[in-house]
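Numbering (the working numbering), first residue to last: 105 to 272.
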C-alpha cells in the first residue's frame, strides 16, 4: 500500500514579491507559531525592503529540488525529507553559516537562533504566514503542473531581482 508521506508533497509555496506590501504580518505569525513570541527577528521568514524601489521581498526557504545548502553543510545537518521539506538536525548543526552562504535566495533565507540554523518547515502543511497574507503574496496551492510552472517563474523572478540588487 503506497501512502503519501505528508501533504506538503502535494502542495507548493508560491511567493509573489510584486504583491507584497511589506506589512510583516507573515513574520509575526511565523514567530508566534515557531517561537511563541511576537518578534520580527524570530520568524523563519524575512522581508527585505528596498526603499528606493518601493519594493518588499519575502524571503523564505524554497525547499529547492536540488538544495545547495545540503551540499554546503560540512556536518550533514541538513536533509531533505520524504515530504520534500528541508530539515535541520540541531544536534549536528555547528552554526558555521555555510548553508546560508550557498542559498540561491540569499543568506536571509536561513535564520540562526542560538547559533543553530532554522528553516521554514511549512508548519506541517498549514503555513501560518500564508494564512495571514492579505495581499496573497504568499500562497500555498495544490501542486499541479501549472502551479509548479508558476512557482518556478516567480522564484526565478525573485532570485534575479535579488541578484540585481547586489550587482547595482
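The C-beta atom is built at its ideal place from N, Cα and C for all residues, glycine as well.
In angstroms with no decimal places, state the Cα-to-Cα distance between residue i and residue j.
i, j, result
"residue 135", "residue 145", "8 Å"
"residue 215", "residue 200", "12 Å"
"residue 228", "residue 123", "25 Å"
"residue 143", "residue 128", "10 Å"
"residue 190", "residue 244", "17 Å"
"residue 250", "residue 117", "13 Å"
"residue 238", "residue 131", "13 Å"
"residue 212", "residue 166", "12 Å"
"residue 137", "residue 230", "11 Å"
"residue 252", "residue 174", "22 Å"
Let's see if you can read the secondary structure: which residues bound the beta strand (DSSP E) around residue i?
i, result
"residue 116", "115-119"
"residue 154", "150-154"
"residue 160", "159-163"
"residue 221", "220-222"
"residue 216", "215-217"
Quick one: give me the first and last residue of the alpha helix (DSSP H) that residue i is part of.
i, result
"residue 172", "172-176"
"residue 236", "232-236"
"residue 133", "129-139"
Please look up how many angstroms separate the CB atoms of residue i and residue j, rounded, as I've assumed it's under 8 Å.
i, j, result
"residue 151", "residue 126", "6 Å"
"residue 210", "residue 266", "6 Å"
Would residue i be called buried (16 or more neighbouring beta carbons within 10 Å of its own) or exposed?
i, result
"residue 240", "exposed"
"residue 178", "exposed"
"residue 232", "buried"
**OP:** Could you pull out every unbroken beta strand (DSSP E) segment of at least 3 residues lying fully inside the region 182-211, listed in chain order?
**Re:** 182-184 and 190-192
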